[in-house]
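Residue numbers (full-length UniProt numbering): 1 to 269.
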């Protein structure tokens with residue numbers, strides 16, 4: 001675990017920024033590959049700048065409003081200081097999805113079809129991104145109370161919070177869970193599903209894993225029911241995603257039923 005990997009002259013190369021950059025490039029490459037042979041492939045490259053900007057804004061807003069509002073409510077000018085740290089991956093996803101929805105609407109292409117294609121690439125990027133959290137010593141777990149766990153070195157937020165206590169490897173397990181989701185989505189994409197199904201399945205699986213792992217986290221405040229902001233966000237995502245899957249499934253069945261009826265009428269004529 002190294003917050004600063006090395007220096008180029010006096011300029012520090014931070015592990016977090018470097019790994020996040022690698023995660024974006026890998027996710028972009030996989031998305032471009034998965035979109036091959038479709039009308040969406042060129043859009044993968046065209047929209048990435050907007051997605052990154054939307055993700056940064058969303059990640060910072062989530063962190064300021066839901067994770068550290070007590071601090072930033074008294075230091076509003078520091079809310080824009082993202083270089084000092086403090087980005088929420090859930091907020092980044094929400095911001096990126098909103099930017100993607102705006103882009104697809106302007107370009108008059110299907111957001112849901114595009115999201116289904118790129119969902120595996122998104123979660124792969126998340127998995128690699130958690131390596132950045134590990135090296136940076138953030139998104140850490142609470143003390144395990146045993147000899148098992150990660151011991152963070154001085155200079156990390158985890159060490160400043162808990163010292164040399166072994167902590168649950170929450171960020172490591174989340175990254176591994178994301179890899180499992182990636183594999184499941186690659187398997188599922190070989191079958192025909194209702195529009196939006198793969199993207200919404202990704203949302204449900206990630207949110208469920210994040211909800212459970214939040215019980216091990218030691219870096220976020222808790223609210224009603226003892227849940228963290230990430231757990232409340234995850235709960236909302238699961239609920240909305242299930243409703244949308246039901247809606248899209250019923251809509252597709254209705255369309256198939258209408259097509260079947262028109263076929264029968266045509267045969268009778």
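By construction, the Cβ of each residue, glycine as well, lies at the ideal position given by its N, Cα and C atoms.
If you're wondering where the values come from, they're calculated on a predicted model, not measured in any experiment.
If I follow the unbroken beta strand (DSSP E) through residue 120, where does it start and stop? In the chain shown, the residue the question calls residue 120 occupies position 120. Unbroken run through residue 120 is the alpha helix (DSSP H), 111 to 136; no beta strand (DSSP E).
Compare the Cα-Cα distances from residue 164 to each of 151, 252, 176 and report the closest residue. Position 164 of the chain shown, counting from 1, holds the residue named residue 164. Taking only the C-alpha atoms, the option nearest residue 164 is 151.
Whole-Å CB distance - residue 167 paired with residue 141, under 8 Å assumed: For the purposes of this step, residue 167 is taken as the residue at position 167 of the chain shown. For the purposes of this step, residue 141 is taken as the residue at position 141 of the chain shown. That belief holds up - the Cβ atoms of residue 167 and residue 141 are roughly 4 Å apart, short of 8 Å.
Starting from the Cα of residue 338, find the closest Cα among 58, 213, 187 and give me that residue. For the chain, the structure presents residues 1 to 269; residue 338 sits outside this window and is missing.
Which residue or residues does DSSP assign as beta-bridge partners of residue 141? Residue mapping note: residue 141 aligns to position 141 of the chain shown, counting from 1. According to DSSP, which records beta bridges pairwise, residue 141 is partnered with 217.
Beta-carbon contacts of residue 112 that lie in its chain and below 7 Å, excluding the five residues immediately before and after: Position 112 of the chain shown, counted from the first residue, corresponds to residue 112. Result list for residue 112: 195, 196, 199, in chain order.
Going by beta carbon distance, what residues of the same chain come within less than 6 Å of residue 23, once the five residues before and after it are set aside? Locating residue 23 in the chain shown gives position 23, counting from the first residue. Excluding residues within five positions, the ones whose Cβ falls inside 6 Å are 125, 128, 129.
Residue 247 by DSSP, collapsed to three states: which one? Residue numbering aside, residue 247 sits at position 247 when the chain shown is read from its first letter. Residue 247 falls in the helix class under three-state DSSP.
Can you give me the C-alpha to C-alpha distance between residue 148 and residue 206, rounded to a whole angstrom? In the chain shown, counting from the first residue as 1, residue 148 sits at position 148. In the chain shown, counting from the first residue as 1, residue 206 sits at position 206. Answer to the nearest angstrom: the Cα atoms are 25 Å apart.
Name the residue from 179, 203, 68 whose alpha carbon lies nearest to the alpha carbon of residue 222. Sequence index remark: in the chain shown, residue 222 carries index 222 (1-based). Minimum Cα distance to residue 222 is reached at 68.
Using three-state DSSP, classify residue 38 as helix, strand or coil. In the chain shown, the residue the question calls residue 38 occupies position 38. DSSP places residue 38 in coil when its eight states are reduced to three.
For residue 40 and residue 182, what's the separation of their Cα atoms in angstroms? For the purposes of this step, residue 40 is identified with residue 40 of the chain shown, where counting begins at 1. For the purposes of this step, residue 182 is identified with residue 182 of the chain shown, where counting begins at 1. Taking the straight line from one Cα to the other gives about 20 Å.
Please name the residue, chosen from 180, 90, 250, that lies closest to residue 236 on a Cα-to-Cα basis. Start at 1 with the first residue of the chain shown, and residue 236 comes out as number 236. Nearest C-alpha to residue 236: 90.
With distance defined between alpha-carbon atoms, name the residue in 216, 242, 120 nearest to residue 188. Residue numbering aside, residue 188 sits at position 188 when the chain shown is read from its first letter. Of the listed residues, the one whose Cα sits closest to residue 188 is 120.
On the CB-based measure, 16 or more other CB atoms within 10 Å of its CB, does residue 160 come out buried or exposed? Stepping through the chain shown from its first residue, residue 160 is reached at position 160. With fewer than 16 other Cβ atoms within 10 Å, it is exposed.
Flag residue 73 as yes when its Cβ comes closer than 7 Å to any non-hydrogen atom of the ligand COA, and as no otherwise. Inclusion of the ligand COA in the displayed structure is not the case, the ligand content being empty and no account of it being possible.
Exposed or buried, what is residue 43 when buried is set at 16 or more other beta-carbons lying within 10 Å of its beta-carbon? For the purposes of this step, residue 43 is taken as the residue at position 43 of the chain shown. So residue 43 counts as buried.
Beta-carbon proximity list for residue 57, same chain, < 7 Å, skipping 5 on both sides: Within the chain shown, numbered from 1, the residue matching residue 57 stands at position 57. Excluding positions up to five away in sequence, the list reads 95.
Where residue 76 and residue 61 are concerned, what is the direct C-alpha to C-alpha distance, given to the nearest angstrom? In the chain shown, counting from the first residue as 1, residue 76 sits at position 76. In the chain shown, counting from the first residue as 1, residue 61 sits at position 61. Going from the Cα of residue 76 to the Cα of residue 61 covers about 12 Å.
Cβ neighbours of residue 261 in the same chain (closer than 6 Å, five flanking residues each side left out): Against the chain shown, residue 261 aligns to sequence position 261. Reliability fails at residue 261, whose pLDDT of 47 lies under 50, so the model's placement of it is uncertain and no value is given.
Where residue 156 and residue 139 are concerned, what is the direct C-alpha to C-alpha distance, given to the nearest angstrom? By 1-based counting over the chain shown, the position of residue 156 is 156. By 1-based counting over the chain shown, the position of residue 139 is 139. Each residue's alpha carbon lies about 11 Å from the other.
Just to confirm before moving on: does the CB-CB distance between residue 54 and residue 143 stay below 8 Å? Translated into the one-based positions of the chain shown, residue 54 becomes position 54. Translated into the one-based positions of the chain shown, residue 143 becomes position 143. Their beta carbons are not under 8 Å apart, which means residue 54 does not touch residue 143 by this criterion.
For residue 216 and residue 208, what's the separation of their Cα atoms in angstroms? Along the chain shown, read from residue 1 onward, the residue named residue 216 stands at position 216. Along the chain shown, read from residue 1 onward, the residue named residue 208 stands at position 208. C-alpha separation (whole angstroms): 14 Å.
Ordered along the chain, which non-local residues of its own chain (more than five positions away) have a Cβ less than 7 Å from that of residue 26? Locating residue 26 in the chain shown gives position 26, where the first residue counts as 1. Correct list, in chain order: 124, 125, 128.
Tell me, please, which residues DSSP counts as bridged to residue 6. What you label residue 6 is simply residue 6 of the chain shown in a count that begins at 1. Answer by DSSP bridge pairing, in chain order: 13.
Close Cβ partners of residue 230 (< 7 Å) along its chain, the five nearest in sequence each way excluded: Walking along the chain shown from the start, residue 230 turns up at place 230. So the qualifying residues of the chain are 90, 210, 214, 220.
Does the distance from the C-beta atom of residue 50 to that of residue 115 stay below 8 Å? As a working note, residue 50 is residue 50 in the chain shown. As a working note, residue 115 is residue 115 in the chain shown. For residue 50 and residue 115, no; Cβs fall outside 8 Å.
According to DSSP, which residues form a beta bridge with residue 167? Here residue 167 refers to the residue found at position 167 of the chain shown. Note: residue 167 sits in a beta bridge opposite 143, 150.
Residues in its own chain within less than 6 Å of residue 248 by CB, not counting five upstream and five downstream? Taking the chain shown and counting its residues from 1, the one referred to as residue 248 is at position 248. Closer than 6 Å at Cβ, skipping near neighbours: 194, 195, 196.
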